[in-house]
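Peer 1: Attaching a single structure in structure tokens format; questions to follow.
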Amino acid sequence: MLSAAEGILLFVATSEAVLGVLVNAFIALVNCMDCARNKKLSKIGFILTGLATSRIGLIWIIILQGYVQLFVPHMLTSGSLTENITYLWVLINHLSVWFATNLNILYFLKIPNFSHSLFLCLRRRIRSVFIFLLGCLLTSWLLSFPQMIKIVHNRKMFQGNTSWIHHWKNNFLIDQGLTNLGILFFSMVALITCFLLIIFLWRHNRRMQLDVSGFRELNTEVHLKAMKVLISFMALFILHIVGIAIEVLCFTLPRNQLLFIGGLTATCLYPCGHSIVLILGNNQLKQASLKVLQHLKC
Numbered sequence: 046m047l048s049a050a051e052g053i054l055l056f057v058a059t060s061e062a063v064l065g066v067l068v069n070a071f072i073a074l075v076n077c078m079d080c081a082r083n084k085k086l087s088k089i090g091f092i093l094t095g096l097a098t099s100r101i102g103l104i105w106i107i108i109l110q111g112y113v114q115l116f117v118p119h120m121l122t123s124g125s126l127t128e129n130i131t132y133l134w135v136l137i138n139h140l141s142v143w144f145a146t147n148l149n150i151l152y153f154l155k156i157p158n159f160s161h162s163l164f165l166c167l168r169r170r171i172r173s174v175f176i177f178l179l180g181c182l183l184t185s186w187l188l189s190f191p192q193m194i195k196i197v198h199n200r201k202m203f204q205g206n207t208s209w210i211h212h213w214k215n216n217f218l219i220d221q222g223l224t225n226l227g228i229l230f231f232s233m234v235a236l237i238t239c240f241l242l243i244i245f246l247w248r249h250n251r252r253m254q255l256d257v258s259g260f261r262e263l264n265t266e267v268h269l270k271a272m273k274v275l276i277s278f279m280a281l282f283i284l285h286i287v288g289i290a291i292e293v294l295c296f297t298l299p300r301n302q303l304l305f306i307g308g309l310t311a312t313c314l315y316p317c318g319h320s321i322v323l324i325l326g327n328n329q330l331k332q333a334s335l336k337v338l339q340h341l342k343c
């Protein structure tokens, strides 16, 4: 039986999940309709569609595992549910972070006007950069697969064998860390490019404000909007990582439902909140969302 605080947090997490699925489905639908209308899928359209689709799967896995852990925890140590959740979690989470990394790199290579030769080379070969990241994704999946098998095997050995409990807890965090090395790599790339781009935009806007001629570029407002999107991404993504860390730690600590649900709430906020920010920061998505809201009011 959940306490009042636990029930409220679980309701918030569930609401985030439902809203996240709807918002990401909307993003994917708008981009697919735009692709069908123009008979062409742009780089940003492909990335946003892939990001939204992967986040829908990610939200389902997060909320499913959360409910199972809270209400029927014995199912995680029996049957094939653990195996399926583990495989799907690693595959879809890698994919989601990969698309987010690509989005940040696309912004990073398109918006700033750096004169460094390496930056200019990367900008000219942006397709090669994405192909390289795709290779990193496939390599990360291949390296994660043995660790996934090990985690599933250890959980099966843990079932009904009390002598394995201490051994399983000692190795669980290490196995999780090795499994998510690829996610750590993509996360670092995403956060670094995001941070560098924020610094560039901040300096650029400050330079425009100090311009004695009072001249203000037409794209300054676009840069300010991009800064807000990037800052929100960093904040929500870091909170997402903290939430995942809390959930993982809860598997090795004495049962603490409030802490686990708190981690679940933090984890669900990123795939929902950042997608809403993307809609508000993208004119096409924003206009489409306003049309939908107008139809709902009628």
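Residue numbers (this note's numbering): 46 to 343.
Glycine is no exception: its CB is placed at the ideal position from the N, C-alpha and C atoms.
Is the beta carbon of L115 sitting closer than 9 Å to the one on N138?
Peer 2: For the purposes of this step, residue 115 is taken as the residue at position 70 of the sequence shown. For the purposes of this step, residue 138 is taken as the residue at position 93 of the sequence shown. The answer is no: Cβ separation not under 9 Å.
Peer 1: Going by the CB atoms, is the gap between F164 and S232 shorter than 9 Å?
Peer 2: As a first step, residue 232 must be located in the sequence shown, where it is residue number 187. As a first step, residue 164 must be located in the sequence shown, where it is residue number 119. In this structure, F164 does not lie closer than 9 Å to S232 by Cβ.
Peer 1: So, is F56 buried or exposed, given that buried needs 16 or more other C-beta atoms within 10 angstroms?
Peer 2: Residue 56 sits at position 11 when you count from the first residue of the sequence shown. Answer is exposed; the Cβ neighbour count stays below 16.
Peer 1: Would you kindly report the start and end of the unbroken alpha helix (DSSP H) that includes S320?
Peer 2: Here the question's residue 320 lines up with position 275 in the sequence shown. Segment 302-326, the alpha helix (DSSP H) holding S320.
Peer 1: Report the residue from L154, I130, L148 whose alpha carbon sits nearest the alpha carbon of C166.
Peer 2: The residue you call residue 166 lines up with position 121 of the sequence shown. The shortest C-alpha separation from C166 is found at L154.
Peer 1: Leaving out five residues before and five after T312 in sequence, what residues of the same chain have Cβ atoms less than 7 Å from its Cβ?
Peer 2: By 1-based counting over the sequence shown, the position of residue 312 is 267. Counting only Cβ-Cβ distances below 7 Å, and skipping sequence neighbours, we find I107, H285, G288, I289, E292.
Peer 1: Given a threshold of 16 other Cβ atoms within 10 Å of its Cβ, counted over all protein chains shown, does F177 qualify as buried or as exposed?
Peer 2: Translated into positions along the sequence shown, residue 177 becomes position 132. So F177 counts as exposed.
Peer 1: According to DSSP, is R172 part of a helix, a strand, or is it coil?
Peer 2: Locating residue 172 in the sequence shown gives position 127, counting from the first residue. Helix.
Peer 1: Going by other Cβ atoms of all chains shown within 10 Å of its Cβ, with 16 needed for buried, is S173 buried or exposed?
Peer 2: The sequence position of residue 173 within the sequence shown is 128, counting from 1. It counts as exposed.
Peer 1: DSSP three-state label for S232, please.
Peer 2: As a working mapping, residue 232 is identified with position 187 in the sequence shown. Helix at S232.
Peer 1: Given that a residue counts as buried once 16 or more other Cβ atoms are within 10 Å of its Cβ, and exposed if not, what is T184?
Peer 2: Numbered from 1 along the sequence shown, position 139 holds the residue referred to as residue 184. With fewer than 16 other Cβ atoms within 10 Å, it is exposed.
Peer 1: Closer than 8 Å is the cut-off here; do at least three beta carbon pairs connect the stretch 49-69 with the stretch 264-278?
Peer 2: Touching, no, given that fewer than three Cβ pairs across the two stretches are closer than 8 Å.
Peer 1: Measuring CB to CB, does F175 end up less than 9 Å from I196?
Peer 2: As a first step, residue 175 must be located in the sequence shown, where it is residue number 130. As a first step, residue 196 must be located in the sequence shown, where it is residue number 151. Contact: no.
Peer 1: Are A70 and A97 close, meaning C-beta to C-beta below 9 Å?
Peer 2: Translated into the one-based positions of the sequence shown, residue 70 becomes position 25. Translated into the one-based positions of the sequence shown, residue 97 becomes position 52. Yes. Within cutoff.
Peer 1: What residue from K270, V322, L86, L136 has the CA that sits closest to I156's CA?
Peer 2: The count along the sequence shown starts at 1 and reaches residue 156 at position 111. Residue K270 is the option with its Cα nearest to I156.
Peer 1: Is it true that the CB of N149 sits closer than 9 Å to the CB of V68?
Peer 2: Taking the first residue of the sequence shown as 1, we reach residue 68 at position 23. Taking the first residue of the sequence shown as 1, we reach residue 149 at position 104. No, the Cβ-Cβ distance between V68 and N149 is not below 9 Å.
Peer 1: In terms of residue numbering, what span does the alpha helix (DSSP H) encompassing F116 cover?
Peer 2: Your numbering for residue 116 matches position 71 in the sequence shown. Per DSSP, F116 belongs to the alpha helix (DSSP H) from 88-116.
Peer 1: Which first and last residues belong to the alpha helix (DSSP H) in which S125 is found?
Peer 2: By one-based count along the sequence shown, residue 125 stands at place 80. S125 -> no alpha helix (DSSP H), and no H or E assigned at all.
Peer 1: Spatial neighbours of I92 within its chain, please: C-beta separation below 8 Å, excluding the five flanking residues on both sides.
Peer 2: For the purposes of this step, residue 92 is identified with residue 47 of the sequence shown, where counting begins at 1. For I92, where only same-chain residues beyond five positions count, the Cβ hits under 8 Å are F144, N147, L148, L151.
Peer 1: What is the rounded straight-line gap between the Cα of E266 and the Cα of R252?
Peer 2: One-based indexing of the sequence shown puts residue 266 at position 221. One-based indexing of the sequence shown puts residue 252 at position 207. C-alpha separation (whole angstroms): 14 Å.
Peer 1: Since L226 and L188 are thought to touch, with beta carbons under 8 Å apart, how far apart are those beta carbons, to the nearest angstrom?
Peer 2: Position 181 of the sequence shown, counting from 1, holds the residue named residue 226. Position 143 of the sequence shown, counting from 1, holds the residue named residue 188. Contact flag correct, Cβ pair sits at about 7 Å.
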